[in-house]
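Chains as they are written, first to last, in the working numbering: chain A, 1 to 197; chain B, 198 to 394; chain C, 395 to 591; chain D, 592 to 788; chain E, 789 to 985; chain F, 986 to 1182.
Notes to accompany the following structure.
Number of protein chains: 6
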Amino acid sequence: MSAPSISRYPVPKLEDLPEDVRARILEVQEKAGFVPNVFLALAHRPAEFRAFFAYHDALMLRDSGLTKAEREMIVVAVAGANDCLYCFVAHGAILRVYAKQPQVADQVGVNYLKADITPRQRAMLAFALKVSERSGEIVDDDHAALRAHGFTDEDIWDIGNISAFFCLSNRMANLIGLRPNDEFYLLGRVPKEKPAR
Amino acid sequence: MSAPSISRYPVPKLEDLPEDVRARILEVQEKAGFVPNVFLALAHRPAEFRAFFAYHDALMLRDSGLTKAEREMIVVAVAGANDCLYCFVAHGAILRVYAKQPQVADQVGVNYLKADITPRQRAMLAFALKVSERSGEIVDDDHAALRAHGFTDEDIWDIGNISAFFCLSNRMANLIGLRPNDEFYLLGRVPKEKPAR
Amino acid sequence: MSAPSISRYPVPKLEDLPEDVRARILEVQEKAGFVPNVFLALAHRPAEFRAFFAYHDALMLRDSGLTKAEREMIVVAVAGANDCLYCFVAHGAILRVYAKQPQVADQVGVNYLKADITPRQRAMLAFALKVSERSGEIVDDDHAALRAHGFTDEDIWDIGNISAFFCLSNRMANLIGLRPNDEFYLLGRVPKEKPAR
Amino acid sequence: MSAPSISRYPVPKLEDLPEDVRARILEVQEKAGFVPNVFLALAHRPAEFRAFFAYHDALMLRDSGLTKAEREMIVVAVAGANDCLYCFVAHGAILRVYAKQPQVADQVGVNYLKADITPRQRAMLAFALKVSERSGEIVDDDHAALRAHGFTDEDIWDIGNISAFFCLSNRMANLIGLRPNDEFYLLGRVPKEKPAR
Amino acid sequence: MSAPSISRYPVPKLEDLPEDVRARILEVQEKAGFVPNVFLALAHRPAEFRAFFAYHDALMLRDSGLTKAEREMIVVAVAGANDCLYCFVAHGAILRVYAKQPQVADQVGVNYLKADITPRQRAMLAFALKVSERSGEIVDDDHAALRAHGFTDEDIWDIGNISAFFCLSNRMANLIGLRPNDEFYLLGRVPKEKPAR
Amino acid sequence: MSAPSISRYPVPKLEDLPEDVRARILEVQEKAGFVPNVFLALAHRPAEFRAFFAYHDALMLRDSGLTKAEREMIVVAVAGANDCLYCFVAHGAILRVYAKQPQVADQVGVNYLKADITPRQRAMLAFALKVSERSGEIVDDDHAALRAHGFTDEDIWDIGNISAFFCLSNRMANLIGLRPNDEFYLLGRVPKEKPAR
Chain A
1 MSAPSISRYP VPKLEDLPED VRARILEVQE KAGFVPNVFL ALAHRPAEFR
51 AFFAYHDALM LRDSGLTKAE REMIVVAVAG ANDCLYCFVA HGAILRVYAK
101 QPQVADQVGV NYLKADITPR QRAMLAFALK VSERSGEIVD DDHAALRAHG
151 FTDEDIWDIG NISAFFCLSN RMANLIGLRP NDEFYLLGRV PKEKPAR
Chain B
198 MSAPSISRYP VPKLEDLPED VRARILEVQE KAGFVPNVFL ALAHRPAEFR
248 AFFAYHDALM LRDSGLTKAE REMIVVAVAG ANDCLYCFVA HGAILRVYAK
298 QPQVADQVGV NYLKADITPR QRAMLAFALK VSERSGEIVD DDHAALRAHG
348 FTDEDIWDIG NISAFFCLSN RMANLIGLRP NDEFYLLGRV PKEKPAR
Chain C
395 MSAPSISRYP VPKLEDLPED VRARILEVQE KAGFVPNVFL ALAHRPAEFR
445 AFFAYHDALM LRDSGLTKAE REMIVVAVAG ANDCLYCFVA HGAILRVYAK
495 QPQVADQVGV NYLKADITPR QRAMLAFALK VSERSGEIVD DDHAALRAHG
545 FTDEDIWDIG NISAFFCLSN RMANLIGLRP NDEFYLLGRV PKEKPAR
Chain D
592 MSAPSISRYP VPKLEDLPED VRARILEVQE KAGFVPNVFL ALAHRPAEFR
642 AFFAYHDALM LRDSGLTKAE REMIVVAVAG ANDCLYCFVA HGAILRVYAK
692 QPQVADQVGV NYLKADITPR QRAMLAFALK VSERSGEIVD DDHAALRAHG
742 FTDEDIWDIG NISAFFCLSN RMANLIGLRP NDEFYLLGRV PKEKPAR
Chain E
789 MSAPSISRYP VPKLEDLPED VRARILEVQE KAGFVPNVFL ALAHRPAEFR
839 AFFAYHDALM LRDSGLTKAE REMIVVAVAG ANDCLYCFVA HGAILRVYAK
889 QPQVADQVGV NYLKADITPR QRAMLAFALK VSERSGEIVD DDHAALRAHG
939 FTDEDIWDIG NISAFFCLSN RMANLIGLRP NDEFYLLGRV PKEKPAR
Chain F
986 MSAPSISRYP VPKLEDLPED VRARILEVQE KAGFVPNVFL ALAHRPAEFR
1036 AFFAYHDALM LRDSGLTKAE REMIVVAVAG ANDCLYCFVA HGAILRVYAK
1086 QPQVADQVGV NYLKADITPR QRAMLAFALK VSERSGEIVD DDHAALRAHG
1136 FTDEDIWDIG NISAFFCLSN RMANLIGLRP NDEFYLLGRV PKEKPAR
């Protein structure tokens, strides 16, 4: 049986890609040991690929009051809300690796109120989900509630923008039928593994 | 009375911005006659500003089977669904200018089923709104329905990605409380005006 | 090209209408400079026309603790919630004229939480929308919350009944496919104009 | 124990009411054997009372392709959707009386898909509920579906307008906390009773 | 005319049933004067029948801080939320009988906020409906709110489990199209009647 | 650090339990290698425990046109819809083991439209989710659609009843805050493991 398709759209060959796009893909392959499908599928359109990952990196790699694990918690909770299999599975793996905790990703993705996280993190996810589901109802009091948990205004921007960015990402994954790599399902569930995007 | 704030976050002064960000802002000011607030408010974070507008331009300026007016229809319909005042008003203006039609923006933003548009455009907006509201339920039949209206696979990506990108944009606007410029409300409602972002 | 239809139902000619219905229509034409389409479309059934406008006038013209602009705010917010293009556009125009403010109608119709209105007006609209969307959940505390903003019991009745009446009106407009007059889109957006129903 | 209040608002005494309002109330009392509370509660505002019942009568008493029982089916189904106890109970009673069938009101109010009604009546109620719940989504095909069941355009107006009118009525009942008369609960459940409003 | 079917599935004859199932059915017939249709319809599968009624009895007959009428209030409120005609009608009858009050069942089933019940009972129904509609959002504070009304932890389990059990029951009734016995509609509406399942 | 609590309610000690309840628990421990928390938490009330597992076994162990893996697919899809962490994780493990496929559980739980399953299984899950989410809207056509995929009437009962039973189960898990055993998260993700309840 042939491998299942990873996208409703044509997936470019590495050698046909612009140099910078190919370099980025090889870099993640080097780090993760495989190429996450989102890189291959979005490379179908290099200009959007560049903007997408520039935005991603600006949010996920910047210095922030949020740890990398906390940022991935947001991603996984939002993926659950948006029924996005790719981000649930792929970022679930990354979250497990960053948090060095094999249960938290499923907990946060299915029901963050049941997760082994701190009250501060629960407030963070409540806000992230409000940004995802009912952003029109955000009022000053929502910002104030996060500040009461010690988040700075810049942290709040981070929480909101990560949620917003993955609302874009989840919709693209659902639009193109993006398939998670099999590797992600198991990653981080047993000790000694390393992150992939 | 002082002018109302355009964002919950600090708005940088032009002279404090990186050269490329300032250049982009001056360019839009030149073209539109004023600086749309989204440029000033997002310049608070230059890295995200660059990625945001790179993504925007990749989608909105590319050669496409969709006219520029059709792309703006998607933006306005999605803004209505997301209760995003900024995009409803600002992109409503741009849509009026591109379509050279003063009623279509309000029609599409409030209820596209009542708009003076073609059946093909109605199918386009139905799909864009499904991407915005229920992207997890998108199936092959949804793509097929658009192809039956003459849309190519690349057009469908455009429709879906524009919807997805403005789902991000709407959430950011709601997060920071982005205020539309007063100019947008009237733009394109009477003859002889020109577009702004 | 012929003019687009204003209703899914036959629109009577003025000369075929009962005297009182025709008189009412001529009166509004005199005042507004044109006949709002709702008058022509509902005249298809004179008995309901009379009751509809009697109810409308009882609510919108009575002495009230609500200004006329505030009453129109309710109408526009409810129209937005009910996806009613006619009332959004027509009453948006009336609101702009009464409020002598060109932005408030779009603000209130798209997202009242972003509007340039007072906290008292925000509480008024929150209640009006609860009457529209979830009236079965109204409890004494909702009334108390409005009284805390200085609304009397009669003001609360006004808020609720205007919301309820336009829930009827919005549904009729959607039922018959009522088309807003082109005039409404621009009315009140620049100084020195006068109201129409 | 004193009788429970029938409204959050003052209920006028019959002798304090304008002659025509009082006459209307006495007429219904004569016919039904008691005064339905909606008459007393809405008499708090005579001008609105007159418009409300004029509208009601225009819809419910006119010659129509819908039987009186069918019109009451619409009222009861819409009351169920709007969580309106008064109309569910009071119009349930009227429906039982008109239909000479003691189960149909509860069936239609709780779940019309389980009711002992004809396919034509099910189509009627599906449309009435769409007018109540999602009127912005009504398209020409919805009208066509009813015509396929033999409904005329005027019948469709009746169905839609009755639904819309009771959306107003349900919201007013919920606003003022209107209490159903105890009499309604039993009316029409055993043979030989007569209707009340 | 033949009697309408009580289920989409075959209804077994009493004589074909296992002894214990038949005995249970005869027992309820003896007590109620008729056999509620749920017994006949579920007897189609004796093993599930036994488990269903064992669960039912464990919850509804146990010693509890909730009266039998209160337990039936939960059932009727949940049936209303789940659009389950059978439980609305059948348990409405049982509630009327237990409460010796002919209005409370319709009140609780249509809108418990309008019912003649105590604040404690309103809190009980609010929780039962949260278990039915949004159980994933239950947090410790919900339990605390009930304890503030004097409910013990075991009472809270009862409230939640009765709601959960009838979520199963409502879905089964809707799955098989279970028809309420005509007797239930009138039961308990006039004095001197006795309960049935 | 002490182990996190598995329930909001007291968890009985094995030695304090009735013989049959203890025997059932020891049996599952023997088979699975550990005691799934649902057994311990529900043993708080032996009578309900017995009925719950009798119902469970009647559905999940009976001869059926559905494979055991298919039945678990229903459980996992419904758990996702009900935000039930326990059933998502525990039955996800069981599904992986039965299906001998490490990805299908996450696929079905997050978005069954993206799962590697057959069209027949997709129809099965669509129906199961309708039973869970909108059972009041089930009509004969829904049954017919399943028969068109080769399901018998008894298979349809199985699908619906499994969905309904786990709607009960999910609500109980959410009510008591039932915590999944850590073992479940990894089970079935790599070859050579065996099922647990």
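Even glycine gets a Cβ: it sits at the ideal position worked out from N, Cα and C.
Give every residue of the same chain whose Cβ lies closer than 7 angstroms to the Cβ of residue i, excluding the five residues on either side of it in the sequence, and list them in chain order.
i	result
L85 of chain A	P180
F876 of chain E	V864, A867, G868 and G897
G965 of chain E	S795 and R796
Q1092 of chain F	K1099, A1100 and D1101
Y976 of chain F	Missing from the structure shown is residue 976 of chain F; chain F here goes from 986 to 1182 and no further.
A539 of chain C	A517
Applying the 10 Å Cβ sphere with the 16-neighbour rule, what's the burial state of residue i?
i	result
V730 of chain D	exposed
V781 of chain D	exposed
A1075 of chain F	buried
F348 of chain B	buried
D313 of chain B	exposed
P603 of chain D	buried
G188 of chain A	buried
R221 of chain B	buried
G333 of chain B	buried
K327 of chain B	buried
Y105 of chain A	Per the sequence shown, the amino acid found at residue 105 of chain A is Ala instead of Tyr. It counts as buried.
R922 of chain E	exposed
A93 of chain A	buried
A916 of chain E	buried
Who are the near neighbours of residue i in its chain, counting only those whose CB is closer than 6 angstroms to its CB and skipping five residues on each side?
i	result
S920 of chain E	V866, A869, S951 and C955
P710 of chain D	none
Excluding the 5 residues preceding and the 5 following residue i in the sequence, name in chain order all residues of the same chain whose CB lies nearer than 8 angstroms to its CB.
i	result
F362 of chain B	Y252, H253 and L256
D549 of chain C	S458, G459, L460 and L540
(request) Count the CB pairs spanning the region 350–358 of chain B and the region 172–186 of chain A that are closer than 8 angstroms, and state whether there are at least three. (result) The region 350–358 of chain B, when compared against the region 172–186 of chain A, does touch it at the 8 angstroms Cβ threshold.
(request) Would you be able to state if there are at least three C-beta pairs under 8 angstroms between the region 690–699 of chain D and the region 658–671 of chain D? (result) With a cut-off of 8 angstroms, the region 690–699 of chain D and the region 658–671 of chain D count as touching, because enough Cβ pairs lie within range.
(request) Inspect the CB distances between the region 437–453 of chain C and the region 642–649 of chain D and report whether three or more fall short of 8 angstroms. (result) In the pairwise beta carbon analysis, the region 437–453 of chain C is classified as touching the region 642–649 of chain D: at least three pairs are separated by under 8 angstroms.
(message) For a minimum of 4 consecutive residues, which ranges assigned as the alpha helix (DSSP H) are wholly contained in the region 723–786 of chain D?
(response) Annotation note: the region 723–786 of chain D contains the following uninterrupted alpha helix (DSSP H) runs of length 4 or greater, listed N- to C-terminal: 731–738, 744–767 and 773–777.
(request) Give, in chain order, every residue of the region 10–39 of chain A whose Cβ lies closer than 8 angstroms to some Cβ of chain B. (result) Cβ contacts with chain B come from no residue of the region 10–39 of chain A.
(message) Threshold first: 4 residues or longer. Then list the alpha helix (DSSP H) segments lying entirely within the region 823–891 of chain E, N to C.
(response) Whole alpha helix (DSSP H) segments, 4+ residues: 825–830, 834–848, 856–869 and 873–887.
(message) Whether or not the region 593–604 of chain D and the region 630–639 of chain D are in contact is what I'm after, with contact meaning three or more pairs of Cβ atoms, one per stretch, closer than 8 angstroms; do they touch?
(response) As far as the Cβ criterion goes, the region 630–639 of chain D touches the region 593–604 of chain D, which means the pair count is three or higher.
(request) Check distances from the C-beta atoms of the region 917–929 of chain E to those of chain F and list, in chain order, the residues that come in under 7 angstroms. (result) Residues V919, S923, G924 and I926.
(request) Taking only beta carbons into account, state which residues of the region 87–98 of chain A come closer than 9 angstroms to chain F, listed in chain order. (result) Cβ proximity to chain F below 9 angstroms picks out F88, V89 and G92 from the region 87–98 of chain A.
(request) Residues of the region 1082–1100 of chain F with a CB closer than 7 angstroms to any CB of chain B: list them in chain order, please. (result) Listed in sequence order: N1096 and L1098.
(message) By the 8 angstroms beta-carbon criterion, what residues does the region 58–72 of chain A contribute toward chain B?
(response) Cβ contacts with chain B: A58, L59 and R62.
(message) Tell me which residues of the region 766–777 of chain D have at least one Cβ-Cβ distance to chain C shorter than 9 angstroms, keeping chain order.
(response) Residues L766, I767 and G768.
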